[in-house]
Amino acid sequence: MLSVIDHTSQGVSGPTDFVIDPSGRWLYVNDSTADIVAPFAVGPETGELTPAGRTIPVPVPLLMALRHQD
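Okay, here's the thing in structure tokens:
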């Protein structure tokens with residue numbers, strides 16, 4: 131279950147969508163204002179988000195889906 135534990139912008143100014151990878155270790159946020167996807171590590175114990183320290187340039191990121199690869 132998801133619940134709010136804190137608020138932070140961490141450089142994301144226009145979030146439009148987010149996904150959590152199947153492992154539960156990463157959350158990716160689309161920022162359509164800055165044309166980036168911002169990855170965050172998800173803390174295994176608390177679920178606290180930690181910025182990955184880099185962003186991925188993507189023109190007009192509005193929706194996102196992850197594909198599982200074996």
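Under the working numbering, the first residue of the sequence shown is numbered 131, with each subsequent residue one higher.
From the three backbone atoms N, C-alpha and C, an ideal C-beta is built for every residue, glycine too.
Since the structure is predicted, the reported quantities are computational estimates derived from the model, not experimental observations.
- Minimum Cα-Cα distance from Ile166 among the listed residues Tyr158, Val172, Gly173 corresponds to Tyr158.
- Asp161: member of the beta strand (DSSP E) spanning 156 to 161, first to last residue.
- The bridge partners DSSP lists for Pro169 are Tyr158.
- Using a 10 angstroms sphere on the CB of Ala195, the tally of other CB atoms stays under 16, which defines it as exposed.
- No Cβ-Cβ contact shorter than 9 Å links Val172 with Gly183.
- Residue environment: Leu179 is assigned as buried (16 or more neighbouring CB atoms within 10 Å of its CB, all protein chains considered).
- In this structure Ala168 does not touch Val149 by the C-beta definition: roughly 12 Å separates them, more than the 8 Å allowed.
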